[in-house]
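Heads up: the sequence shown is residues -17 to 52, going by this note's numbering.
Built from N, CA and C at the ideal position, the CB exists for glycine as well.
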Amino acid sequence: MAKENCLIVHAAGRQLDLLRGEASRIAKQNTVDWWSDRVEIGTRFCFADAKSKEAFAITCDNFGISCRDG
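The structure is reproduced here in structure tokens:
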């Protein structure tokens, strides 16, 4: 998948579990693939399209979890 559709989040434990669930819901709603992996500075969430990435960024903001392009 293209790295331009990725966000790096700074979360752990239940927050990270919550974000994985939200990523899955967003991807299913938009009929796209997604994946996540650990990086040195957090967890990278990647989506097959920009629309899903933006929806995930809004979700992070709503939960008060910091994220950045990654």
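Beta-carbon contacts of residue i that lie in its chain and below 7 Å, excluding the five residues immediately before and after
i, result
"leucine -2", "Thr25"
"asparagine 12", "Asp31, Lys33, Ser34"
Same chain only: Cβ atoms within 8 Å of residue i, ignoring 5 sequence neighbours per side
i, result
"isoleucine 47", "Val(-9), His(-8), Ala(-7), Gln(-3), Leu1"
"alanine 32", "Glu(-14), Asn(-13)"
Contacting residues, own chain, Cβ-Cβ under 6 Å from residue i (five flanking each side not counted)
i, result
"tryptophan 16", "Ala5, Ala9, Phe29"
Residue range of the beta strand (DSSP E) that includes residue i
i, result
"tryptophan 25", "Note that residue 25 is threonine in the sequence shown, not tryptophan. Note, threonine 25: beta strand (DSSP E), 24 to 29."
"serine 6", "It is not in any beta strand (DSSP E) - serine 6 instead sits in the alpha helix (DSSP H) that spans -5 to 12."
Extent of the continuous alpha helix (DSSP H) to which residue i belongs
i, result
"aspartate 43", "32 to 45"
Residues sharing a beta bridge with residue i, DSSP
i, result
"serine 48", "Note: serine 48 sits in no beta bridge, so no partner."
"aspartate 19", "Arg26"
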